[in-house]
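All you need for our numbering is the position in the sequence shown, starting with 1, plus 3. Heads up, the beta-carbon is just placed ideally off N, CA and C, and yes, glycines get one too.
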Amino acid sequence: MIEILVLLLFPWAMAYAAASDLFTMTISNRISLALVAGFLVLAFANGMDWQTIGLHFAAAGIMLAVAFVFFAMGWIGGGDAKLAAAVALWLGWNQAFSYAVTSSILGGLLTLAILVLRSDYADRLVPEWSWVQRLRRRDAGVPYGIALAYTGLAMYPDTPWMQGLLTTLS
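Given below as structure tokens:
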């Protein structure tokens, strides 16, 4: 059962967050809460020591503080800030900085792609689907959760969670 949770919860949450942000420009608090709860279940089930748990929460706390500064500046949404912190909780202290840098770079590239989508040059090239047209609105934000989720998924195989699962399976 624990192996199934390791294998499915984090990737499911990342996929759901990215899709939700793309189609609705919102990331439900339930996703971040499920990630925190799942982390705690797995941490205790795998016998993670209190110091390591504390370091994971420290990474999440620092990520949340930085992300809320970005939220206050209007650069990202509140759901993005909470998702970034929840991902940092799962990745831990050792991967949090790499996560922040990589997701920032991908978020910048995503922003550039959205700007191209919103340009007059793209008028005839994009479908008339409602969610695409919403993305094209110049007053709309950028679904930054896509970059956050993609980066989390890309880094997840290198986490102790997946490494432990791979060791168990081999």
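With burial defined as no fewer than 16 other Cβ atoms inside 10 Å of the residue's Cβ, what is the status of residue i: buried or exposed?
{"i": "A75", "result": "exposed"}
{"i": "I108", "result": "exposed"}
{"i": "L128", "result": "exposed"}
{"i": "P163", "result": "buried"}
Helix, strand or coil, according to DSSP, for residue i in the structure here?
{"i": "M4", "result": "coil"}
{"i": "M17", "result": "helix"}
{"i": "A52", "result": "Ala is not the amino acid found at residue 52; the sequence shown has Asp there. If DSSP states are grouped into helix, strand and coil, D52 belongs with coil."}
{"i": "Y2", "result": "With the chain covering only 4 through 173, there is no way to say anything about residue 2."}
{"i": "M66", "result": "helix"}
{"i": "W78", "result": "coil"}
{"i": "W132", "result": "coil"}
{"i": "S101", "result": "helix"}
{"i": "M165", "result": "helix"}
{"i": "T171", "result": "helix"}
Kindly say whether residue i, judged by its beta-carbon, lies nearer than 8 Å to any beta-carbon of chain C.
{"i": "R137", "result": "Given the protein chain composition of this structure (a single chain), no chain C is represented."}
Using 8 Å for Cβ pairs, my map puts residue i next to residue j. What's the rounded Cβ distance?
{"i": "R121", "j": "R137", "result": "So it is not a contact: roughly 11 Å between Cβ atoms."}
{"i": "V39", "j": "A89", "result": "6 Å"}
{"i": "L8", "j": "G41", "result": "6 Å"}
If I measure Cβ to Cβ from residue i and keep anything under 8 Å in the same chain, skipping five residues before and after, which residues do I get?
{"i": "A37", "result": "L12, A16"}
Among residues of its own chain, excluding the 5 on either side of residue i, which ones have a beta-carbon nearer than 7 Å to its beta-carbon?
{"i": "F71", "result": "A84"}
Beta-carbon within less than 6 Å of residue i's beta-carbon, same chain only, minus the 5 sequence neighbours each way: which residues are those?
{"i": "I5", "result": "A48"}
{"i": "I30", "result": "A20, S23, D24, G82, L86, G148"}
- the region 150-161 contacting the region 99-109, beta-carbon criterion three pairs below 8 Å: Taking 8 Å as the limit for Cβ pairs, the verdict is that the region 99-109 does touch the region 150-161.
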